[in-house]
Amino acid sequence: MKLKLNRPCHCLPLLGLLAVLCGSRIEAFDLKFFGTNGPPMEFHGFASQGFLYSSRYNYLGDSSSGSFKFTEAGLSASLNPFPRTRIAAQAFTYDVGPAGDYDVVLDYALLEYKVADYLGFRGGRIRRPEGIYNDIQDVDLARTSILLPQGMYDARWRDFYVSIDGGELFGTFSLDRAGSLSYELYYGLQRPQLDGGLALQKANLPPFVPLTSFNSPQMGGGQLWWNTPLNGLRAGVALNYDQDLTFVNDQGRQSVGSPLTQHYSLEYLWHGWTLQAEYLRFRINYENTGGGKPLSQKLIDPDTWYAGAAYRFNKWIEMGGYYSEYYADASNRGGAGLAFPSDASQKDAAISLRFDATRWWLFKVEAHYIRGTAQLFNNVANPARDGEGWWLFGVKSTISF
Amino acid sequence: MKCPLFKMALAGAICLSGSLLAAPGGGVAIIANNSVPLDTISAAALKDIYIGKTTYWPDGQSVVIAVLADPTRETDLELRNVSGMDASHFETFWERMVFSGRGKLPKSASDISALVALVSTTKGAIAFVPADTRLKDVKQLGNF
Numbered sequence: 001m002k003l004k005l006n007r008p009c010h011c012l013p014l015l016g017l018l019a020v021l022c023g024s025r026i027e028a029f030d031l032k033f034f035g036t037n038g039p040p041m042e043f044h045g046f047a048s049q050g051f052l053y054s055s056r057y058n059y060l061g062d063s064s065s066g067s068f069k070f071t072e073a074g075l076s077a078s079l080n081p082f083p084r085t086r087i088a089a090q091a092f093t094y095d096v097g098p099a100g101d102y103d104v105v106l107d108y109a110l111l112e113y114k115v116a117d118y119l120g121f122r123g124g125r126i127r128r129p130e131g132i133y134n135d136i137q138d139v140d141l142a143r144t145s146i147l148l149p150q151g152m153y154d155a156r157w158r159d160f161y162v163s164i165d166g167g168e169l170f171g172t173f174s175l176d177r178a179g180s181l182s183y184e185l186y187y188g189l190q191r192p193q194l195d196g197g198l199a200l201q202k203a204n205l206p207p208f209v210p211l212t213s214f215n216s217p218q219m220g221g222g223q224l225w226w227n228t229p230l231n232g233l234r235a236g237v238a239l240n241y242d243q244d245l246t247f248v249n250d251q252g253r254q255s256v257g258s259p260l261t262q263h264y265s266l267e268y269l270w271h272g273w274t275l276q277a278e279y280l281r282f283r284i285n286y287e288n289t290g291g292g293k294p295l296s297q298k299l300i301d302p303d304t305w306y307a308g309a310a311y312r313f314n315k316w317i318e319m320g321g322y323y324s325e326y327y328a329d330a331s332n333r334g335g336a337g338l339a340f341p342s343d344a345s346q347k348d349a350a351i352s353l354r355f356d357a358t359r360w361w362l363f364k365v366e367a368h369y370i371r372g373t374a375q376l377f378n379n380v381a382n383p384a385r386d387g388e389g390w391w392l393f394g395v396k397s398t399i400s401f
Numbered sequence: 402m403k404c405p406l407f408k409m410a411l412a413g414a415i416c417l418s419g420s421l422l423a424a425p426g427g428g429v430a431i432i433a434n435n436s437v438p439l440d441t442i443s444a445a446a447l448k449d450i451y452i453g454k455t456t457y458w459p460d461g462q463s464v465v466i467a468v469l470a471d472p473t474r475e476t477d478l479e480l481r482n483v484s485g486m487d488a489s490h491f492e493t494f495w496e497r498m499v500f501s502g503r504g505k506l507p508k509s510a511s512d513i514s515a516l517v518a519l520v521s522t523t524k525g526a527i528a529f530v531p532a533d534t535r536l537k538d539v540k541q542l543g544n545f
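Residue numbers (the working numbering), protein chains in the order written: chain X, 1 to 401; chain B, 402 to 545.
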């Protein structure tokens with residue numbers, strides 16, 4: 001469900017409500033709608049506003065001029081109406097460069113029933129698990145950095161990648177001395193939007209025309225985590241498959257492909273340290289047709305990885321950094337044959353500082369040194385591209401309850 | 402086991418693991434709301450609650466974790482002993498759970514007496530407090 005509002009000012013009521021709530025209350029609150037003996041409904045929320053500036057190129061918006069188009073806000077509610085049962089929902093709005101545009105969307109709305117620690121069911125609109133961050137990639141307070149490694153967690157892709165309409169099984173098995181195994185297996189429909197990041201990316205590829213329609217592909221997959229016997233260390237693998245992702249551009253050309261994604265993760269939490277490394281690869285073989293006739297086939301085979309570390313010095317200050325690499329084509333990392341070889345990759349070294357002023361207000365500053373232009377997704381705004389390094393700076397503030 | 406060095410190392414490891422479970426100042430008491438259908442709890446079961454693996458009591462009632470809003474150094478160590486996570490990682494873990502739709506944030510209280518009061522008035526609540534805390538209207542599930 002999406003409330004299509006074209007003016008940014010329509011998001012202000014939601015942001016205003018959150019600001020008032022966060023200003024007047026520093027704790028989440030419960031409301032008892034069902035009488036004093038009924039289950040309480042819990043409310044939580046967050047609102048983030050950021051600013052990006054780049055020394056070259058326009059990335060995630062008009063960043064070369066400085067861009068405030070970097071906003072996220074969410075409001076969630078949940079209750080336990082019956083034994084082992086939970087109902088939860090979250091409304092969300094965002095604007096990242098050309099994507100989002102402050103549309104208010106139903107981020108998740110689910111019914112959950114848990115049989116036991118090892119088996120539970122969730123149905124409805126659910127946030128899709130993949131890697132360390134996919135299901136919370138737009139929740140600024142849940143990490144050190146402003147921008148996650150964008151090759152893996154593109155802030156513009158959330159309409160397509162973050163939630164599905166369907167269901168999942170989940171649970172955790174004990175492996176005794178070998179730790180435990182947590183799993184989530186899901187199936188459902190994705191809901192890419194024509195004004196979302198994936199559509200923007202497709203429009204930036206030959207023949208460089210906008211899309212007129214997108215289907216809602218079926219997606220199945222799972223996330224497995226091995227929680228090792230070493231406290232704080234876990235290793236994960238995620239696989240997912242989209243069935244017949246289909247889009248049509250305004251020249252009537254149809255592309256159909258079934259992406260297969262594999263995602264490997266490693267995380268170690270030790271005292272104040274957070275150490276993480278991930279690798280992702282997906283393959284899509286697009287069949288392109290026009291006027292009902294086959295035109296071409298195109299294999300898309302990107303991969304990306306990152307390694308990062310963060311350290312919390314005290315309850316106020318946390319510092320972190322990561323290095324990531326993204327390749328638009330794993331078999332052509334050098335960009336041979338491309339009009340702009342820099343479009344083949346994007347390498348990013350980032351450093352971040354997080355300051356938790358209070359329990360409900362935090363502030364971040366961040367710097368990136370980037371080489372490559374593979375993820376700009378906007379050739380019109382970036383007509384000249386080369387392999388020279390460029391800087392991206394960001395500041396962001398988040399309130400939450 | 403014939404190797405004396407191995408025996409000494411094993412004994413040292415046992416002593417070290419025991420000291421890691423013992424918080425400074427005499428340990429912690431695990432307290433719960435009187436609605437919780439347990440009289441005791443093991444360290445393993447307690448950890449399963451604090452890491453989000455166990456979210457319901459045996460009678461289907463929702464588990465509600467209660468913590469101090471502003472953890473001290475001692476509380477941080479106790480939390481690490483109970484959950485394997487320090488206060489910062491613990492908070493981030495539960496923020497991820499709630500905003501991804503997978504769980505509920507722990508409740509927080511300003512000090513120990515408020516924490517005990519919170520547990521006493523919240524169905525399904527569980528918390529750990531210093532072992533010498535004066536308890537009222539809660540049940541004690543164990544000492545670690």
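In this text, a Cβ means the ideal position worked out from N, Cα and C, and glycines have one as well.
Between the region 203 to 217 of chain X and the region 142 to 156 of chain X, the count of Cβ pairs shorter than 8 Å is below three; the stretches do not touch. DSSP places X/Glu388 outside both helix and strand once states are collapsed to three, so it counts as coil. Counting of Cβ neighbours within 10 angstroms places X/Gln297 among the exposed residues, the total staying below 16.
With 16 or more other CB atoms across the displayed protein chains lying within 10 angstroms of its CB, X/Lys396 is buried. Under the three-state reduction of DSSP output, X/Thr398 falls in the strand class. Beta-bridge annotation (DSSP): X/His263 is paired with X/Ala238, X/Leu280.
Below the 8 Å Cβ cutoff, chain X contributes Pro83, Arg84, Lys114 as neighbours of B/Tyr457, in chain order.
Under a 10 Å Cβ-count criterion, X/Gln190 is classified as buried, with 16 or more other Cβ atoms of the shown protein chains found around its own Cβ. From the listed residues X/Leu233, X/Pro192, X/Tyr264, X/Val209, the smallest Cα separation to X/Gln223 is found for X/Tyr264. Residue state for X/Leu198 is assigned as helix, using DSSP reduced to three classes.
Beta-bridge analysis with DSSP links X/Glu325 to X/Trp305, X/Lys347. B/Ser463 belongs to the set of residues whose beta carbon lies under 7 Å from a beta carbon in chain X. The region 70 to 83 of chain X and the region 497 to 505 of chain B touch, with three or more beta-carbon pairs separated by less than 8 Å.
When the alpha-carbon of X/Asp117 is set against those of B/Asp440, B/Val429, B/Ile527, B/Lys454, the nearest one is in B/Lys454. Close partners of X/Gln90 in chain B (Cβ separation under 8 Å): Phe500, Gly502. In this structure, the CA atom of X/Gly337 is about 32 Å from the CA atom of X/Asp159. When C-beta atoms of the region 439 to 448 of chain B are compared with those of the region 314 to 332 of chain X, fewer than three pairs fall below 8 Å, so the two segments do not count as touching. Beta-bridge pairing by DSSP links B/Pro531 to B/Val429.
In the DSSP annotation of this structure, X/Thr85 is not part of any alpha helix (DSSP H); the continuous beta strand (DSSP E) holding it starts and ends at 85 to 96. Residue pairing by DSSP places X/Val248 opposite X/Ser213, X/Gln254 in a beta bridge.
Residue contact check for X/Asn134 against chain B: no CB pair falls below 7 Å. In terms of Cβ geometry, X/Lys69 and X/Gly97 form a close pair [threshold 7 Å].
Assignment of B/Asn434 by DSSP, reduced to helix, strand and coil, places it in the coil class. Take B/Val437, set aside five residues on each side of it, and the residues of its chain with a beta-carbon closer than 8 Å to its own are Trp458, Gln462, Gly525, Ala526, Ile527, Lys540, Leu542, in chain order.
Between X/Thr398 and X/Thr144, the alpha-carbon positions lie close to 12 Å from each other. Under a criterion of Cβ atoms nearer than 7 Å, the residues of chain B adjacent to X/Gly232 are, in order, Gly485.
Short of 7 Å from the beta carbon of X/Glu388, and not among the five residues preceding or following it, lies no beta carbon of its own chain. In the DSSP annotation of this structure, the continuous segment of the beta strand (DSSP E) that includes X/Asp165 starts and ends at 163 to 174. Of the residues X/Arg385, X/Trp360, X/Arg128, the one whose Cα lies closest to the Cα of B/Thr493 is X/Trp360.
Secondary structure note for B/Asn482: its alpha helix (DSSP H) is the uninterrupted segment 474 to 484. No residue range can be given for X/Phe377, since it is assigned to no beta strand (DSSP E) and is classified by DSSP as neither H nor E.
The C-beta distance from X/Pro192 to X/Leu198 rounds to 5 Å, short enough to meet the 8 Å contact threshold. For the options X/Leu119, X/Phe92, X/Ser324, the alpha carbon positioned closest to that of X/Ala109 is the one of X/Phe92.
With respect to chain X, the C-beta atom of B/Arg474 has no partner C-beta closer than 7 Å.
Cβ contact annotation for X/Ala357 (same chain, cutoff 8 Å, sequence separation greater than five): Trp316, Phe363, in chain order. Of all residues in the region 120 to 132 of chain X, only Ile126, Arg127 place a beta-carbon less than 7 Å from a beta-carbon of chain B.
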